[in-house]
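A short worksheet on the structure shown next.
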Amino acid sequence: MSRPPLPPFNEQTAIEKVRLAEDGWDSRDPAKVALAYSVDTRWRNRAELLNGRAEVKAFLTRKWNRELDYRLIKELWTFAGNRIAVRYAYEYHDDSSHWFRAYGNENWEFGEDGLMRARHCSINEQPIAEADRKFHWPLGRRPDDHPALSHFGF
Numbered sequence: 061m062s063r064p065p066l067p068p069f070n071e072q073t074a075i076e077k078v079r080l081a082e083d084g085w086d087s088r089d090p091a092k093v094a095l096a097y098s099v100d101t102r103w104r105n106r107a108e109l110l111n112g113r114a115e116v117k118a119f120l121t122r123k124w125n126r127e128l129d130y131r132l133i134k135e136l137w138t139f140a141g142n143r144i145a146v147r148y149a150y151e152y153h154d155d156s157s158h159w160f161r162a163y164g165n166e167n168w169e170f171g172e173d174g175l176m177r178a179r180h181c182s183i184n185e186q187p188i189a190e191a192d193r194k195f196h197w198p199l200g201r202r203p204d205d206h207p208a209l210s211h212f213g214f
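All letters in the sequence shown, in the order written, are residues 61 to 214 by the numbering used here.
Rendered as structure tokens:
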């Protein structure tokens, strides 16, 4: 199984890989999203260490069961060879209707097959008022004409 675009990345293919990742996460489908990662992928997500696609799928299932109406924007920061760095922001609410915005950075490493074999993630989040939300598209893929992350100054 391969997951184009494949490394080594150029600017165009790195941007495409980032958008494909954003689209996948905005689907909130753990089984589909987990397929972008190698069977033996390694993750660091905040204080949680994950090993393997099955743990990633379980993590994403837990995440999207508690982070409701999740909407994410990712942006390429830099790339080289088989590595990509991104920054991102996402918004969600909990089951008590409290809204949050999270900001983060990720470092990705891909195998020759285009599957992500390592993900190192740092995230900060803050409560926001519903009126302060910026991501208002219908659930699912961010529309192409919706402002990107830099537009918001995040």
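Where is the CB? At the ideal position from N, CA and C, for every residue including glycine.
Looking at the DSSP output, E169 bridges to R143, A178.
By the criterion of a C-beta distance shorter than 7 Å, G200 is surrounded in its chain by D86, S87, once the five residues flanking it on both sides are discounted. Where S98 is concerned, the enclosing beta strand (DSSP E) starts and stops at 97 to 105. Apart from sequence neighbours up to five positions away, the residues of its chain that approach E76 with a beta-carbon distance below 6 Å are P65, ordered along the chain. With a threshold of 16 other beta carbon atoms within 10 Å, A107 falls short and is exposed.
Residue state for G164 is assigned as strand, using DSSP reduced to three classes. Of the other Cβ atoms in all chains shown, fewer than 16 fall within 10 Å of the Cβ of P198; this residue is therefore exposed. Using a C-beta cut-off of 8 Å, the segment 181 to 199 makes contact with the segment 152 to 166, since at least three inter-stretch Cβ pairs fall below that distance. The secondary-structure analysis by DSSP pairs R201 with nothing; it has no beta-bridge partner. Sorting L80, R193, Y163, L120 by C-alpha distance to the C-alpha of D204 places L80 at the top.
I183 is positioned such that its CB atom lies closer than 7 Å to that of A162.
Here R131 is buried: its Cβ has 16 or more other Cβ atoms, across all protein chains shown, within 10 Å. Assigned with DSSP and collapsed to three states, R63 falls in coil, not helix or strand. Sequence-distant partners of P68 (beyond 5 residues in either direction) whose C-beta falls short of 7 Å from its own C-beta, in its chain, are G141, N142.
Secondary structure at P90: helix, using DSSP grouped into helix, strand and coil.
Pairing W103 with F195, the inter-Cα distance amounts to about 26 Å.
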